[in-house]
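Numbers 1376 to 1490, taken from my numbering, label the letters of the sequence shown in order.
Glycine included, every Cβ here is placed at the ideal spot set by N, Cα and C.
Owing to the predicted nature of the structure, the values given are computational and were not obtained by experimental measurement.
Notes follow the structure.
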Amino acid sequence: QVQLVESRGGTVQAGGSLRRSCLASGSAFSLNAMGWYSQAPGNKRELVAIITSGYNTNDADSVKGRFTISGEKAKKKVYLQMDSLKPEDTDIYYCKLIRPSGTVWGQGTQVTVTS
């Protein structure tokens, strides 16, 4: 069984930075991609950034130039460097693993950006 272990979120002042990590653990498996999604109360979960096993990345327009996704495929770990944070980045952030047999979600952690 595969589990995703996310680093803690937190509260940051606007303009600050936060680095998140997500580790996929479990029995041997292959992965297609890992990424980060955000969800505000009452809204649907939306893509923040994703990285494929070939290290191709895709970012939401709202975070381009501010957030950077990176990964270590051998360790099955993905990172999200969040810089120049804005109050509108306040959300619950979820890690997601995409593999041939389906997807796995992390538990989600709150990131709050204060003005």
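In this structure, the alpha-carbon of I1444 lies about 6 Å from that of Q1456.
Looking at the DSSP output, F1442 sits in a beta bridge with M1457.
Non-local beta-carbon contacts of Q1388 in its own chain, meaning distances under 6 Å to residues more than five positions away in sequence, involve T1489 in chain order. Approximately 6 Å separates the beta-carbon atoms of Y1469 and W1480; this is inside 8 Å, confirming the contact.
V1486 is a Cβ neighbour of G1384, given a cutoff of 8 Å.
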